[in-house]
Amino acid sequence: MTLQGKTAPVVLDSYDVERGGEHRELDERQARGFHNSVYRGPIKDAAMGIAAKFIPTIGTLIQGSDDLQQLSVAYPQSPLNDDHLGGLRELLQRRVPHCGDRAPDANVVAADGTSTTLFAHLYNPDGWSWGWALLAFDGRQHDAMPPLRLALAGLEAWPWLRPRLILGAAMPQPDDATALSDLDGAAHAAYGIADTSALIVVRPDGHIAFRGRADAPELLRAYCERVFDPATEGAAR
0 MTLQGKTAPV
10 VLDSYDVERG
20 GEHRELDERQ
30 ARGFHNSVYR
40 GPIKDAAMGI
50 AAKFIPTIGT
60 LIQGSDDLQQ
70 LSVAYPQSPL
80 NDDHLGGLRE
90 LLQRRVPHCG
100 DRAPDANVVA
110 ADGTSTTLFA
120 HLYNPDGWSW
130 GWALLAFDGR
140 QHDAMPPLRL
150 ALAGLEAWPW
160 LRPRLILGAA
170 MPQPDDATAL
180 SDLDGAAHAA
190 YGIADTSALI
200 VVRPDGHIAF
210 RGRADAPELL
220 RAYCERVFDP
230 ATEGAAR
């Protein structure tokens, strides 16, 4: 995506902020694990044997290989993050995924009535291997389609941002974006969306990049200009 000139410098600059710290932490954890495995004495060895009876995965924990897939990695300080949701309601809910967190999965129903998942529509959306997914939640409101359509209409300049309507109550039209039914509210709950329509952008690597209200589409447009417009170098740094 960057090589094709479709991003502002902030995308490339984000690599060291995100991955540099993760790489250093992984190296340190594995170095400590190697030291604990090779240089532990008889007392520590005996203690490890006892602990292994209660924690079967203690070997991978000690060696620092418990998360080689790095599914627990989050980037809360990423320059690609832009969060406009929050407030008291989120504090009262169970943990809500924020920008930088890995996007959660949830069961939904496709337009043809088949059961599917959000993940099936997040990765390589519509065949874009570097596509970003835009989840447009109706907030389980019957009248949410007009503001959602308005929000999506201003994004034609970035065709790799692929919209997905997550609908708990609103009814889509045939010419609307891909619609996924969420009548039981599982997807809304997974993303901490209650009774307000919202827009959530998921990066190609599965991490949340943007969260905002659907009735403030100018915030999403400003985000796209900052991240996707190669001419915004000054604003990106």
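So for the sequence shown, numbering that gives the first Met the number 0 puts the first residue at 0; every next one is plus one.
Glycine is no exception: its CB is placed at the ideal position from the N, C-alpha and C atoms.
As the crow flies, the alpha-carbon of GLY85 is around 49 Å from that of ILE42. Fewer than three Cβ pairs drawn from the stretch 144–151 and the stretch 74–84 lie within less than 8 Å of each other, which leaves the two stretches out of contact. Taking the Cβ atoms as the reference, ALA185 lies roughly 17 Å from GLN140, outside the contact range of under 8 Å. In this model, GLN3 and TRP157 are separated by some 13 Å (Cα to Cα). Looking at the backbone, the Cα of HIS120 and that of ARG202 are separated by about 12 Å. Membership of ARG161 in the beta strand (DSSP E) is indicated by the continuous run 160–166. Counting along the chain, the unbroken beta strand (DSSP E) around VAL108 starts and ends at 106–108. Out of THR177, TRP159, ALA109 and ALA193, the CA that lies nearest to the CA of SER128 is found in TRP159.
In this structure, the CA atom of ALA197 is about 6 Å from the CA atom of ALA135. Counting other Cβ atoms within 10 Å of its Cβ, PHE53 stays below 16 and is therefore classed as exposed. Going by beta carbons, LEU164 and THR177 fall inside the 8 Å limit. For VAL200, the enclosing beta strand (DSSP E) has its first and last residue at 197–201.
Linking LEU179 to TYR14 through their CA atoms gives a straight-line distance of about 32 Å. Proximity of the stretch 186–195 to the stretch 101–121 meets the contact definition, three or more beta-carbon pairs being nearer than 8 Å. Within the stretch 129–164, the complete alpha helix (DSSP H) runs of at least 4 residues fall at 144–152. For LEU11, the enclosing alpha helix (DSSP H) has its first and last residue at 8–14.
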